[in-house]
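Colleague:
There are 4 protein chains.
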Amino acid sequence: MSRQVGLWIIGAHGGVATTAAIGLASLINHRIDTCGLVSARPEFQDLDLVDWSEIVLGGHEIRKTDCLTEALQLADTTRAVERELVIACQSYLEGFDKNIRPGIINNVGRAIECLADKQFVNEYNSARSAVEAIQQDLDEFVTGNQLEQLIVINLASTEPPYNLDELPETWAEFEPILDSTDCGLPASSLYAIAALERGWPFVNFTPSTGSCPKAIDELAVLKNTCHMGHDGKTGETFLKSVLAPAFANRNLGIMSWVGHNIFGNMDGQILDNPLNKQTKVKSKDQLLSQILGYDPQTHISIEYIKSLGDWKTAWDHIHFRGFLGTPMVMTFTWQGCDSILAGPLVLDLARFTDLAVRRGETGLMIPLCSFFKSPLGTDENDFAKQFQMLVDWASQA
Amino acid sequence: MSRQVGLWIIGAHGGVATTAAIGLASLINHRIDTCGLVSARPEFQDLDLVDWSEIVLGGHEIRKTDCLTEALQLADTTRAVERELVIACQSYLEGFDKNIRPGIINNVGRAIECLADKQFVNEYNSARSAVEAIQQDLDEFVTGNQLEQLIVINLASTEPPYNLDELPETWAEFEPILDSTDCGLPASSLYAIAALERGWPFVNFTPSTGSCPKAIDELAVLKNTCHMGHDGKTGETFLKSVLAPAFANRNLGIMSWVGHNIFGNMDGQILDNPLNKQTKVKSKDQLLSQILGYDPQTHISIEYIKSLGDWKTAWDHIHFRGFLGTPMVMTFTWQGCDSILAGPLVLDLARFTDLAVRRGETGLMIPLCSFFKSPLGTDENDFAKQFQMLVDWASQA
Amino acid sequence: MSRQVGLWIIGAHGGVATTAAIGLASLINHRIDTCGLVSARPEFQDLDLVDWSEIVLGGHEIRKTDCLTEALQLADTTRAVERELVIACQSYLEGFDKNIRPGIINNVGRAIECLADKQFVNEYNSARSAVEAIQQDLDEFVTGNQLEQLIVINLASTEPPYNLDELPETWAEFEPILDSTDCGLPASSLYAIAALERGWPFVNFTPSTGSCPKAIDELAVLKNTCHMGHDGKTGETFLKSVLAPAFANRNLGIMSWVGHNIFGNMDGQILDNPLNKQTKVKSKDQLLSQILGYDPQTHISIEYIKSLGDWKTAWDHIHFRGFLGTPMVMTFTWQGCDSILAGPLVLDLARFTDLAVRRGETGLMIPLCSFFKSPLGTDENDFAKQFQMLVDWASQA
Amino acid sequence: MSRQVGLWIIGAHGGVATTAAIGLASLINHRIDTCGLVSARPEFQDLDLVDWSEIVLGGHEIRKTDCLTEALQLADTTRAVERELVIACQSYLEGFDKNIRPGIINNVGRAIECLADKQFVNEYNSARSAVEAIQQDLDEFVTGNQLEQLIVINLASTEPPYNLDELPETWAEFEPILDSTDCGLPASSLYAIAALERGWPFVNFTPSTGSCPKAIDELAVLKNTCHMGHDGKTGETFLKSVLAPAFANRNLGIMSWVGHNIFGNMDGQILDNPLNKQTKVKSKDQLLSQILGYDPQTHISIEYIKSLGDWKTAWDHIHFRGFLGTPMVMTFTWQGCDSILAGPLVLDLARFTDLAVRRGETGLMIPLCSFFKSPLGTDENDFAKQFQMLVDWASQA
């Protein structure tokens, strides 16, 4: 019998998770090709990656809904997923629903709290008891599905900024915080701790705190497992990490880089809150100076425009100097469907993470940095170089 | 006393050459910084590249004009070069004029012939006598300026397509063609032969034939010198070679890539001729399928719009499929000043070529492929990888 | 019992006709609102316009297909029409099919001939016999549906250019041409003659010849009926007619106006033929100089890009001079679905034409000029002024 | 001898004023054509408008600088004005300098106060004494130049919002406020009062309060003079007022209209202050719902991007529904030079205002509404209709 690998999604009914679920079902049923899946590239065909049919989906969610409803809404609002495809997956999506448990909302901030279905979500006295509740869900999922491996990936809405500066840097000092009554750790970190303590890898596809604290990295190493983050790189920032190195290589001087992002999905609704937006903008902004080696003026706006739904439209204006100081301009418009771009990367990350764990790697999975806006453990933000790191890692015996 | 390195430009009064001349003068006089010069990047600072003040300019031209006139026109029409900068270079530009000789128009096609000042340009009975006349000009330049090295670079207008298929592949068989009365070899190839026979390296910054024939490559090797080409990569195609690999790496399927180019300089005037345009479009179009590994529908238009002068504006529309087959769109607009983008690369190529020759290299300089739309001797069109080749080459002891 | 008004469409299975049919069915069933319908504007609410439920559809077609097939293709390829909407109209569309008759292909040019289903289409020895066959179809439609009025509208593919210069200008001189064996009149004009001879109004929504000849205008007057054309104004040209007057009013000097159009529907396929494209480009280009009072450099390209389907994407680059001669730039991108934009205007034109006839008007319906790229009988191309003409006409008692 | 008409500019050394001055000098010297000047359109050639050579410039300013310095900075930073043109105007600009007096900063808000040269600007105990000081400057200008007419136009930086709700609506009740010690009236209104009390017309080209209060309108009527405002319409809002009516006329439903504005001139620096920005955004935003008759979601951003200087770049994203509810998109990019666009309109407004006064008109000059983002006294925001009002007014005997 084949291996069974669990993929546990925090934010299991969000757009990205729903797209990943539709996609996985459709891959298994051969209704779609592998377009958009990095792990399906020729460079990775000799790797023994987990097969689509070997992946089992489960997850946490704080809203009371079901996968089919979300999938149909995605089809109707975004016009990006064909309704026929959704209908063909109905039984698969209902199976996914059965593996979804109520999530936690510890320190997620007001905007996310407002999304949560209060009667559905459990609140816990201490961070420790929240972690234990999560772990019980994970245990049941593993046992119930005879999983050999479990990958936990965070796709939940962006939390407000959280200051890491005063956190202890070793796990030994950090762990007791979980028991304090006023532990301010956000949900994303509690999920990370829950997974890693059990020895399961954790991937943070959002700009939330997750496994960023140094002590949590140590926890991963102590438990012989892996983690990586943070903030999936899919649209405007992806293009920045592709274009900025080219400008740098040609020694063209960026004077200003302005990026406007508009979209109308739930992510956008949450980012409409100034606190949550702050977390996101920071993640989108920092790479430029790292790539260029100097600080041009930048401006990033993210605005919630309801009519756009999941279509994340970005307009970037790049003002640069060339030879003799002559100013020139490049602008681009990106009309991408957020879930469609992010969904397959979730499946890719599950496959690559599963491989890393099987290869016996521990701690940060830096070769996966091309997937993230703010990759942990590296300053490399040049997409081409990041991708080369993945290819090089893949080609290791 | 310092080395003197000659840079002999075919098309010495064109916009790119004029910009290179203004720039070189301004670098020597410290009136500009090194913005736009690749060879000024930190990666190349430990190389013993020729200093700006050691370069001496000369060249061939088929129009009767002078450098200051062209420079002022560039300043006034394009508003891209500051008039003050031009005025400050006046004596330098007049010095350049003294090293400019009448060029040849063998088989350059009607559009270019119309540009030529007939009383100024010499016509030759045989290709061989044209080559010899060119060599005499080069010899005088070398002797007169006590040059240790001479780099010949072709910046002249794009010639009509020339069929290489029936040309002999060895120099021994090829050379006699020069004496035939109806030798159809275009001027760009005669310049290449003239330079290489004398042992001077040749760089073809245009899509014209130049040193593309295999036999001419052999000539370079026989004479212990280098050559490279062809077609400088500065704007829309540069961006294609940056963006297409990123789409490929993310496994996004390009369905169509449409590129519209509009500009109003002399290059545009020549490309308005369907024959000459054919040469250019081919050069701009081929890289996509090489990068992607399949053939999406492409369309490239190049239109002469007088009011734009040297401002080459490109609009590209990239239609691609993502996960679940969902179609998405990226468009970009590039408003670059052609001469400003190309001018510094001419100086970079002179410096890197001089280094290659000093390093004892012969034949094609493939590590310079990032500078060309259709690099000879390699199928690598991914800009990031091409640039890495340059960096790797530079870092060789 | 209510009046019954027939709308007879030439090109009855094309994208525009199919959209009009889906729309009409959905209006009758109250499944859509009146978005996109000019005649539903408040300015026209006091007019006694024919009700949606009073319109009966029929038409000619040269391809063998059916309306549901075309509608589903529109839904699946363009993702612009919801499949559910199509399914809900199925029986209506099947009813439309029953009123569709084989069309003619006299002098439509090779590109359109290739589309035609040869066994389906009838060929006629003389223009006169083709006209009579058409008239027989119209007569049967009128009688079979007890129609009080019939409006014939041409939505068929663009024919190659046809030279009007040598045509006689009176109907008396013109009519005998129909009997000559080598009558070169294109199908669009034969349809016009067939309708007008029977006293039914004719509207030419394409750039084909149709009722442009002066003698055909006289025929309309002789038969106490109306006609108008030509070439529906829906996308890029619509915007030109909106923007150019504003530039003119501010006395900004247009130096060049470049428009690139890409799309992949059947219209695009036909326009890929240089002859047919010539007809279209002429129609799109002429209005600028009429609006501005001078001739800036213009360039219009129309390219068939299959992946875009019915999504007509236009990019316009407007280069203009302001005060002190300073050059500035406006660009716009229009991503419109061709059938969706044109479909409702067909219904609007039917309603306004029906009203014009009831008002006893004859000859050209100039107040409808805002609907056309090249309105017959007027030089007014300023959209705002054209629309005001419609409003003024509507408000006449 | 010819009439002498004074044009008194508040903000005399700003970019718009400087451009108007360079332009006026160049018109007088025949160095430029009338491009960009509305009053030079054929529609207005039969009006007896004041000749360029009859206009005398003066004004108030709060920074210590001179016109030539500002003009050269405009030439060098924006590359939009040719340096040669500036040099040719030098003596004219120096003459203008002699007519410039220190302005006032009553209630202009912190951002503008920071710009002011404190030793240069006079501060006044009461609004009344500020008004009197301004009037003394105006009187001297009129007497010294034997002016028959004086037009005062406000081009100063945007003030923070000012609440008009509690102001008395008659001049009799309003006037005493000027004597109160804590009169909060902003400088723009004091300038308006100063001019109108003397019987000179006042034009407010900014979104500041100026002559908006109803009582000030009454003052104009009482003094038999005219006024108009507010906020010059030159770029993005101009285009909105051109495009939105066309969407409305075609019954296309605007779902959202997002406008991003970036620029780096002094205006942008002031608008970087959230308070001042609020005044501007309100002025740019309101017209859409007036034109459309409903309230789509809108978003307007204005960001100070230093490198752009006076080049105001706007990107607008218009998301609209068509027939069958299908969503479509139009985007435009406007790369306009702010001073170049606004400068000539200042001269136009002076000419039309002079005419209005000579025609004996009093109160609001509503026929000038096409020049303003938020025209006083009318709800008409459709540019084409506004312009028609100007043409109709002009054609009155």
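Just so you know, the protein sequences line up as chains A, B, C and D, in that order. Take the first sequence: its letters are residues 1 to 397, numbered as in my numbering. Take the second sequence: its letters are residues 1 to 397, numbered as in my numbering. Take the third sequence: its letters are residues 1 to 397, numbered as in my numbering. Take the fourth sequence: its letters are residues 1 to 397, numbered as in my numbering. Ideal Cβ positions, reconstructed from N, Cα and C, are used throughout, including at glycine. All values reported here derive from a predicted model rather than from experimental measurement.
1. Quick check: what's the CA-CA separation for PHE205(C) versus GLY103(C)?
2. Quick one: using the 10 Å Cβ neighbour count with 16 as the cut-off for buried, is THR143(B) buried or exposed?
3. Near LEU355(B), what residues of its chain come up, given a Cβ to Cβ distance below 7 Å and the 5 sequence neighbours on each side ignored?
4. Apply the 10 Å Cβ neighbour rule to THR403(C) and answer buried if 16 or more other Cβ atoms are within range, or exposed otherwise.
5. Does DSSP put LYS277(D) in a helix, a strand or coil?
6. Which whole-angstrom value is the C-beta distance of VAL210(C) and GLY229(C), which I expect to be below 8 Å?
7. Are the beta-carbon atoms of THR158(B) and ASN276(B) separated by less than 8 Å?
8. Starting from LYS312(B) and walking both ways along the beta strand (DSSP E), at which residues does that stretch end?
9. Could you spell out the range, first to last residue, of the beta strand (DSSP E) harbouring ILE177(C)?
10. With distances taken from CA atoms, which of ARG63(D), ILE62(D) and ALA40(D) is nearest TRP52(D)?
11. I need the DSSP call for GLN149(D), collapsed to helix, strand or coil.
12. Shortest alpha-carbon distance to GLN396(B) belongs to which of VAL56(B), ILE193(B), GLU361(B) and CYS35(B)?
13. Determine the chain A residues that contact THR313(D) at a beta-carbon separation under 7 Å, and present them in chain order.
14. Can you give me the C-alpha to C-alpha distance between LEU138(C) and ALA195(C), rounded to a whole angstrom?
15. With a threshold of 8 Å between beta carbons, is ARG83(C) in contact with chain A?
16. At a Cβ cut of 8 Å, what residues of the region 26-57 of chain D count as close to chain B, listed as they run along the chain?
17. Return the chain-ordered list of same chain residues with a C-beta closer than 7 Å to the C-beta of ILE302(D), the five sequence neighbours on each side being excluded.
18. Going by CA-CA distance only, name the one from THR378(C), ARG359(C), LYS312(C) and LEU185(C) that's closest to ASP338(C).
19. Using the C-alpha atoms, what's the distance from LEU72(D) back to ALA156(D)?
20. What residues are listed by DSSP as bridge partners for GLN396(A)?
21. Hey, could you find the ends of the alpha helix (DSSP H) GLU61(B) is sitting in?
22. Taking DSSP as the reference, what is the three-state secondary structure of THR331(B)?
23. Using a Cβ-Cβ cutoff of less than 6 Å, which residues in the same chain neighbour CYS89(B) once the five nearest sequence positions on both sides are dropped?
24. Would you decide whether LEU96(D) is buried or exposed? Buried here means 16 or more other CB atoms lie within 10 Å of its CB.
25. Quick check on LEU269(D) - is its C-beta less than 8 Å from some C-beta in chain A?
26. Decide if the region 369-383 of chain B is in contact with the region 170-185 of chain B; the criterion is three or more beta carbon pairs, one per stretch, under 8 Å apart.
27. Between which residues of its own chain and SER2(C) is the CB-CB distance below 8 Å, once the five residues before and five after are set aside?
28. Quick one: measure Cβ to Cβ for HIS317(B) and MET255(B), integer angstroms, because I've assumed they're closer than 8 Å.
29. Which partner residues does THR414(A) have in the DSSP bridge list?
30. To which residues does DSSP link VAL5(C) through a beta bridge?
31. At least one CB of chain E closer than 8 Å to the CB of ILE104(D): is that the case?
32. Taking only beta-carbon atoms, is LYS306(D) less than 8 Å away from chain A?
33. For GLN297(D), which residues of its own chain have a beta-carbon under 6 Å away from its beta-carbon, when the five flanking residues on both sides are left out?
34. Look at LEU341(B) and THR225(B) and say whether their C-beta atoms are less than 8 Å apart.
35. If we ignore side chains and look at the alpha-carbon of each, how far apart do PHE238(A) and PRO245(A) end up?
36. Please give me, in chain order, every unbroken run of the alpha helix (DSSP H) with length at least 4 that falls completely inside the region 67-105 of chain A.
Modeller: To lay it out plainly:
1. Taking the first residue of the third sequence as position 1, residue 205(C) is located at position 205. Taking the first residue of the third sequence as position 1, residue 103(C) is located at position 103. Those two C-alpha atoms are separated by around 17 Å.
2. Start at 1 with the first residue of the second sequence, and residue 143(B) comes out as number 143. Per the 10 Å Cβ criterion, exposed.
3. Sequence index remark: in the second sequence, residue 355(B) carries index 355 (1-based). Excluding residues within five positions, the ones whose Cβ falls inside 7 Å are LEU47 and LEU49.
4. Because residue 403(C) is not part of the residues shown, which for chain C are 1 to 397, the question remains open.
5. Translated into positions along the fourth sequence, residue 277(D) becomes position 277. Of the three classes helix, strand and coil, the one that applies to LYS277(D) here is helix, per DSSP.
6. For the purposes of this step, residue 210(C) is taken as residue 210 along the third sequence, with counting starting at 1. For the purposes of this step, residue 229(C) is taken as residue 229 along the third sequence, with counting starting at 1. The question names Val, but residue 210(C) in the sequence shown is Gly. Confirmed, Cβ separation roughly 5 Å.
7. Locating residue 158(B) in the second sequence gives position 158, counting from the first residue. Locating residue 276(B) in the second sequence gives position 276, counting from the first residue. Yes.
8. Numbered from its first residue, the second sequence carries residue 312(B) at position 312. Here the beta strand (DSSP E) through LYS312(B) covers 311-321.
9. For the purposes of this step, residue 177(C) is taken as the residue at position 177 of the third sequence. That residue, ILE177(C), is in no beta strand (DSSP E); it is neither H nor E in DSSP.
10. In the fourth sequence, the residue the question calls residue 52(D) occupies position 52. Cα-wise, what sits closest to TRP52(D) is ALA40(D).
11. Here residue 149(D) corresponds to residue number 149 of the fourth sequence, with the count starting at 1. Three-state DSSP puts GLN149(D) in a strand.
12. Taking the first residue of the second sequence as 1, we reach residue 396(B) at position 396. Residue GLU361(B) is the option with its Cα nearest to GLN396(B).
13. For the purposes of this step, residue 313(D) is taken as the residue at position 313 of the fourth sequence. Neighbours of THR313(D) on chain A, chain order: HIS317.
14. Within the third sequence, the letter at position 138 stands for residue 138(C). Within the third sequence, the letter at position 195 stands for residue 195(C). Going from the Cα of LEU138(C) to the Cα of ALA195(C) covers about 8 Å.
15. If you number the third sequence from 1, residue 83(C) lands on position 83. Taking Cβ atoms only, chain A reaches closer than 8 Å to ARG83(C), which makes this a yes.
16. none
17. The residue labelled residue 302(D) in the question sits at position 302 within the fourth sequence. For ILE302(D), where only same-chain residues beyond five positions count, the Cβ hits under 7 Å are ASN261, LEU271, LYS277, LYS280 and VAL281.
18. Residue numbering aside, residue 338(C) sits at position 338 when the third sequence is read from its first letter. Out of THR378(C), ARG359(C), LYS312(C) and LEU185(C), LYS312(C) has the C-alpha closest to the C-alpha of ASP338(C).
19. By 1-based counting over the fourth sequence, the position of residue 156(D) is 156. By 1-based counting over the fourth sequence, the position of residue 72(D) is 72. Approximately 20 Å, taken between the alpha carbons.
20. By 1-based counting over the first sequence, the position of residue 396(A) is 396. The partner list for GLN396(A) (beta bridge, DSSP) is empty, contrary to what the question assumes.
21. Position 61 of the second sequence, counted from the start, is the residue given in the question as residue 61(B). Here GLU61(B) belongs to no alpha helix (DSSP H); instead the beta strand (DSSP E) covers 55-61.
22. If you number the second sequence from 1, residue 331(B) lands on position 331. The answer is strand: DSSP assigns THR331(B) an E or B state.
23. Counting from 1 along the second sequence, the entry for residue 89(B) is found at position 89. The residues are ILE22 and ALA25.
24. Stepping through the fourth sequence from its first residue, residue 96(D) is reached at position 96. According to the sequence displayed, residue 96(D) carries Phe and not Leu. Burial call: buried.
25. Residue 269(D) sits at position 269 when you count from the first residue of the fourth sequence. The sequence given here has Gln at residue 269(D), not Leu. Not closer than 8 Å to any Cβ of chain A, the Cβ of GLN269(D) fails to qualify, so no.
26. With a cut-off of 8 Å on Cβ pairs, the region 369-383 of chain B is not in contact with the region 170-185 of chain B, counting fewer than three such pairs.
27. Residue numbering aside, residue 2(C) sits at position 2 when the third sequence is read from its first letter. Around SER2(C): ASP51, SER53 and GLU54.
28. Residue numbering aside, residue 317(B) sits at position 317 when the second sequence is read from its first letter. Residue numbering aside, residue 255(B) sits at position 255 when the second sequence is read from its first letter. Under the criterion of beta carbons closer than 8 Å, HIS317(B) and MET255(B) do not qualify as touching, at roughly 11 Å.
29. In the structure displayed, chain A extends from 1 to 397; residue 414(A) sits before or after that span and is not available.
30. As a working note, residue 5(C) is residue 5 in the third sequence. DSSP lists ILE55(C) and GLN149(C) as partners of VAL5(C).
31. Looking for chain E here will not work: the only protein chains present are A, B, C and D.
32. Counting from 1 along the fourth sequence, the entry for residue 306(D) is found at position 306. Chain A contact via Cβ: present.
33. Sequence index remark: in the fourth sequence, residue 297(D) carries index 297 (1-based). Cβ neighbours of GLN297(D) beyond the five flanking positions: SER256.
34. Along the second sequence, one-based indexing puts residue 341(B) at 341. Along the second sequence, one-based indexing puts residue 225(B) at 225. In this structure, THR225(B) does not lie closer than 8 Å to LEU341(B) by Cβ.
35. On the first sequence, position 238 is the one that residue 238(A) refers to. On the first sequence, position 245 is the one that residue 245(A) refers to. About 12 Å.
36. 67-73, 83-88 and 90-98
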